[in-house]
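In the working numbering, the protein residues as written are 921 to 1550. From the three backbone atoms N, C-alpha and C, an ideal C-beta is built for every residue, glycine too.
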């Protein structure tokens, strides 16, 4: 039996997603057209948000051959009035999978730097047409690129590049792709509609393939402040991330070449003439506190090598072995490796220790993580059974694991900083619900910032009843980082919370006309797939959703109770008006009298009283909501 040697190969990210494009929501022509629209519109909104620009987004879908049946090629174009992209970044931004600006720890609609490029990749493999990108970042010159992806190498191929003069900034992206608008049209229109609700400060226009225009002008003129990039929270850190942070925090030993020696001379105030080793060290002692770190490290090395500049120029530092207190170097003159012992009592030893072994644990915690002060750092070190002065560069693998575990378990860290989040706000959300649904009742709430796995998040939620809302509720509108989630709702944490609610206890019965709008904003939405359509049921997020819904449900219950009382008052008045004349007539006949009692004045008084009571109840309801809005 002959054995066949197995071959191992590495594929690029674009090659992987080419083969597994359904992971990113490009599984068929219907879903792909919808996903492509979503990705480009969200990129446009994100770009405007970051620069504080009120967005004007224009979406156009045009059939290449209108007479051809679906699925067929379409041209999708999304234009915005944002800051544009500099010419040098355009090829990589649109021709490289997993390249983008959304990997920092802050809220953004996109998370993976994947969606738009995947749309371009899908368009290329279904139509073999390049993406057309037009961008102006200065409002003067527009760069136009036609770009294809080299899927195997994950690199852009520039087919054409031209420029022209313009008068405003902005970005336009056009792709050819196979789609099925006959099936995707409803979802796309719903997406545009729901995006307008959660982004009331944006103007969005959609021209569909049937030449119908859907316009959603902005009705809020203030844009929420953009989120900021923050340092990580310790509860969201694993061993690998700690290891990377240690490497980032360590200062590299400078290369001792002519340029470095010249810098040391200049910072010490020495001329180009020869200076003895002793003279150099004396000068360094006098200026030590004012010297930059690189220079101090070189001086420390010189102190153990006992070399002046001339000799120093003829060696290369190979290793600084702090545990064994050895300094190794290559001597080019003798063409051999040499070493010297380092005196731990030397005043320069600490300088090298700090450089090679990194920061102390307490310094590392306070500098590299958010909201950790010196007192908390010392308290944590005691909890984790580490010495506060323990150098990060000396941690063993097991100590790294122990440190990671302790960071997750320590309960005295402050809650994550929410400045990296940009929630819509209660007032704009309420305005959006009123504009789109004209309800009889509306209530909104924004929960305080919370965290899961160290990632901050905020829950915003609104509930509305009556007005233009259709019966059959609750109708749930799901959003994450201002993205409408229209697919896979059955496995979403929001639907789980809504379906678990006993609406009967809140006086909501049958199939009433009411809606729930839920918005989760976070630096890391825990999507179940790269397609970003449903949110995982993280315990912390589920809890905040339940608390928000319970709060709003109690408000709705109060409204329904008062509304019921008002309706009962009207019903009683109607009953009086219907039956008292009949009772009066019967009593007159029974008593043998000809003249009926004067019941009309009494009836008018009672009806007026009931109506007054009903009006008072309704006015109270309206007054309460006016006060809330104010």
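Residue 1478 sits in a helix when the DSSP states are folded into three classes.
One thing to note: residue 1225 has its Cβ within 8 Å of the Cβ of residue 1260. Boundaries of the alpha helix (DSSP H) harbouring residue 1110: 1101-1118, taken from the DSSP string. For residue 1290, the secondary structure class from DSSP, reduced to helix, strand or coil, is coil. Listed as beta-bridge partners of residue 1083 by DSSP are 1063. For residue 1239, the three-state secondary structure derived from DSSP is strand. Assigned with DSSP and collapsed to three states, residue 1186 falls in helix.
Here DSSP, grouped into helix, strand and coil, assigns residue 1284 to helix. Bounds of the alpha helix (DSSP H) holding residue 1350 are 1346-1357. Per DSSP, the continuous beta strand (DSSP E) segment holding residue 1382 begins and ends at 1375-1385. With a cutoff of 8 Å on beta-carbon distance, residue 1230 and residue 1072 are scored as not near each other.
Pairing residue 1170 with residue 1313, the inter-Cα distance amounts to about 8 Å.
For residue 1334, the closest of 1343, 1375, 1317 and 1356 by C-alpha to C-alpha distance is 1375.
Straight across, the Cα-Cα distance linking residue 1372 with residue 1119 is about 25 Å. Spanning the alpha carbons of residue 1196 and residue 1157 requires a straight line of approximately 50 Å. Taking the C-beta atoms as reference points, residue 1273 is found no nearer than 8 Å to residue 1222.
Only buried fits residue 1443, as 16 or more other CB atoms lie within 10 angstroms of its CB. Segment contact: the region 992-999 against the region 1130-1147, fewer than three CB-CB distances shorter than 8 Å; contact not assigned. Out of 1257, 1228, 1252 and 1090, the CA that lies nearest to the CA of residue 1239 is found in 1257. Bridge pairing for residue 1250: 1236 and 1257 [DSSP]. Linking residue 1403 to residue 1167 through their CA atoms gives a straight-line distance of about 36 Å. Assigned with DSSP and collapsed to three states, residue 1342 falls in coil, not helix or strand. Distance from the Cα of residue 1330 is smallest, within the candidate group 1191, 1085, 1153 and 1385, for 1153. Just measuring C-alpha positions, the residue of 1400, 1149, 1236 and 1122 sitting nearest residue 1177 is 1236. Here residue 978 is bridged, per DSSP, to 999 and 1125.
CA-CA distance, residue 1452 to residue 1415, rounds to 16 Å. Exclusion of the five residues before and after residue 1420 leaves no residue of its chain whose Cβ lies closer than 6 Å to its Cβ. Residue pairing by DSSP puts residue 1052 in a beta bridge opposite 1066 and 1094. In the three-state scheme derived from DSSP, where H, G and I count as helix and E and B as strand, residue 1456 is classed as coil. Under the criterion of beta carbons closer than 8 Å, residue 1116 and residue 1089 do not qualify as touching, at roughly 23 Å.
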